[in-house]
Amino acid sequence: MKLTEAVIRSLRVAKVFRENSDRINCFDFAANGESMISSSEDDSIVLFDCQEGKPKRTLYSKKYGVDLIRYTHAANTVVYSSNKIDDTIRYLSLHDNKYIRYFPGHTKKVVALCMSPVDDTFISASLDKTIRLWDLRSPNCQGLMYLQGRPVCSFDPEGLIFAAGLNSEMIKLYDLRSFDKVRGRFIYLFIYLFILWTFGLKALVFLFDLSSIVFSNPGFLYAVLRRVTNKKNTCCFTGSFCHIPTAARSHM
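Under the numbering used here, the first residue of the sequence shown is numbered 2, with each subsequent residue one higher.
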């Protein structure tokens, strides 16, 4: 089925899952679309079978808590941030419920976590005002960037560029090949401006308060997000045009 706006309009709730006793703080789909995983404030990790439409397994992270859960490229492993004890990122095998590796470094709450779409690297952003680049094969940080405010981050679909949003004011785009070097930054996007941009990136969709950034095809995901979330402060930047909705302009 082709996912069009008409199809999005026709979507209805088919099933409600009540597996959790507290707020679900994150969920993610496996790359093959066959499973989904959620993390919750009740310290649970719930694995869902998307083909059968039912929960498959529940794991717990009572000691460390769990947030921002993300599938790796292997459907039986995930990474997630901790919200108890410390701010270490943890790499978990779903097969035997054992940790494969820890990624220490952040000193405050992790607020963004994103896997590369092409390899085993991932990036994280924290309230300690840093963005860190990691490789699943090593516990050591592969790149470190100090910023001047609260950051969020996201990879582009080709895994060559990542976007960093700062303090609800701007988005910076970086070349991953020179992650922690000044020359790696190749554009500032002040979200209050219309900017002509001709690089290969198709589109950015972001909330006006920069609490989330997503790379997208032009216009499509923007329309989907507006339809599904009903958030009037969703913005879409395509490189030659930045759509800032009327409701969001009141913040300018």
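All C-beta atoms, glycine included, are put in the ideal place defined by N, C-alpha and C.
It should be emphasised that the depicted structure is a prediction, and the values quoted were computed from it without experimental measurement.
{"query": "Given N141 as reference, the closest of A113, D129 and H107 once Cα atoms are compared", "result": "H107"}
{"query": "Alpha-carbon to alpha-carbon, S11 and L148", "result": "42 angstroms"}
{"query": "Cβ distance (whole Å) where D121 is taken to contact T73 below 8 angstroms", "result": "7 angstroms"}
{"query": "Helix, strand or coil at A164 [DSSP, three-state]", "result": "strand"}
{"query": "Alpha-carbon to alpha-carbon, R58 and S40", "result": "12 angstroms"}
{"query": "For A7, the three-state DSSP class (helix, strand or coil)", "result": "helix"}
{"query": "Nearest candidate by alpha-carbon position, reference V17, set G54, E35, F30 and M37", "result": "G54"}
{"query": "Contact check, I46 vs I70, beta carbons under 8 angstroms", "result": "yes"}
{"query": "Between the CA atoms of T89 and S62 - distance to the nearest angstrom", "result": "13 angstroms"}
{"query": "Those residues which DSSP pairs with S125 across a bridge", "result": "L114 and R133"}
{"query": "G144 beta carbon less than 8 angstroms from that of R133", "result": "yes"}
{"query": "Between the CA atoms of K85 and K99 - distance to the nearest angstrom", "result": "18 angstroms"}
{"query": "Residue span of the beta strand (DSSP E) that contains N21, given as start and end", "result": "Premise fails: N21 is in no beta strand (DSSP E) and is neither H nor E."}
{"query": "For A7 and D97, the rounded distance between their alpha carbons", "result": "42 angstroms"}
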